[in-house]
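FYI, the numbering for the sequence shown is 24 to 259, going by my numbering.
Accompanying notes for the structure given below.
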Amino acid sequence: VTNSRNEPAAAFARTSASSFSNARPDFDPALGADFAGWGDSFVDLANSGTSDLVLATGGIPVTSLAKDAGRVKVVAPLAGEQVTRYGVAPGLVPAGLRVNGRGLAAADVDNDGRMEIAVNSIGGKLLLLKPTGPSGHWLDVRLSRFSPGAVVTVLLEDGKTTRSQEVRAGSSYLSSEDQRVHFGLGVETRAARLTVRYPWGGESVLRDVRADRVVEVAVPRPQPPQVAAPASYRLT
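In structure tokens, the structure reads:
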């Protein structure tokens, strides 16, 4: 959760279905608190299987387009750490790029398996940033009908490793991201099973799914819940 200048960003890690722990110490050293944060997104920029955190920054109030501009920050999990810690990721944003960033959204704009980052700003053009460098395998999952709240889970070929993403609407400040769900698979070339669980309880399952493509999943028609008629409409 991004905050205003001199207020550290908040971060929470899910510990159970309804509980969260404070994960801010994992991010504080990399992010700092000398900026005002706006739109943000967790996105796998290198298709490595681990997500990076990308966020837009910019001053408030804006009194000078040049002086109040900020950097697009990218932090990534540090390699070799036993516990997940994040550090600044070099080379992913053009050096010297500063904008009065506000909304930020991630999407595979040109359908090549690499996620682009769109940033809108005050007094500037819309930015579209594309990562370069090595990239792992990937899988995009497109549902035939927009189903926010659906959870897409990929089981890798080892039969143990799973990765899950939720279909969201309005997931970033003034932004709504690609309705497709993107998975970076690293060196894996197939998924043993792909499961979609819908908010109303339905489920779709695909098996032995080849990587490096967009997979279309037909969303089943929701079944209306069976509710027994009440014996009386009188309330105590």
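Think of the CB as a built atom: it goes at the ideal place given N, C-alpha and C, for glycine as much as any other residue.
In this structure, does DSSP put residue i in helix, strand or coil?
i: R233; result: strand
i: P253; result: coil
i: R47; result: helix
i: L127; result: strand
i: A53; result: helix
i: A40; result: coil
i: S71; result: coil
i: A112; result: coil
i: R186; result: strand
On the CB-based measure, 16 or more other CB atoms within 10 Å of its CB, does residue i come out buried or exposed?
i: I140; result: buried
i: L127; result: buried
i: Y109; result: buried
i: S39; result: exposed
i: R165; result: exposed
I think residue i touches residue j, with their Cβ atoms under 8 Å apart; what is that distance to the nearest whole Å?
i: V132; j: V175; result: The Cβ separation is near 20 Å, so there is no contact.
i: G124; j: S144; result: 5 Å
i: V98; j: V116; result: Not a contact, Cβ separation roughly 11 Å.
i: V24; j: A33; result: 4 Å
i: E239; j: S167; result: 6 Å
Got a sec, what are the start and stop residues for the beta strand (DSSP E) residue i sits in?
i: K161; result: The sequence as given places Trp at residue 161; Lys does not occur at that position. H160 to L166 is the extent of the beta strand (DSSP E) around W161.
i: V142; result: E139 to S144
i: K148; result: It is not in any beta strand (DSSP E) - K148 carries neither H nor E in the DSSP assignment.
Check whether the stretch 37-51 and the stretch 184-191 are in contact - that is, three or more C-beta pairs closer than 8 Å. As far as the Cβ criterion goes, the stretch 37-51 does not touch the stretch 184-191, which means the pair count is below three.
Stretch pair the stretch 76-84 + the stretch 54-68: three plus CB contacts closer than 8 Å: Taking 8 Å as the limit for Cβ pairs, the verdict is that the stretch 54-68 does touch the stretch 76-84.
Stretch-stretch touch, CB-based, cutoff 8 Å, three pairs: the stretch 220-227 with the stretch 194-204: Two segments are said to touch when three or more pairs of C-beta atoms, one from each, lie closer than 8 Å; by this definition the stretch 220-227 does not touch the stretch 194-204.
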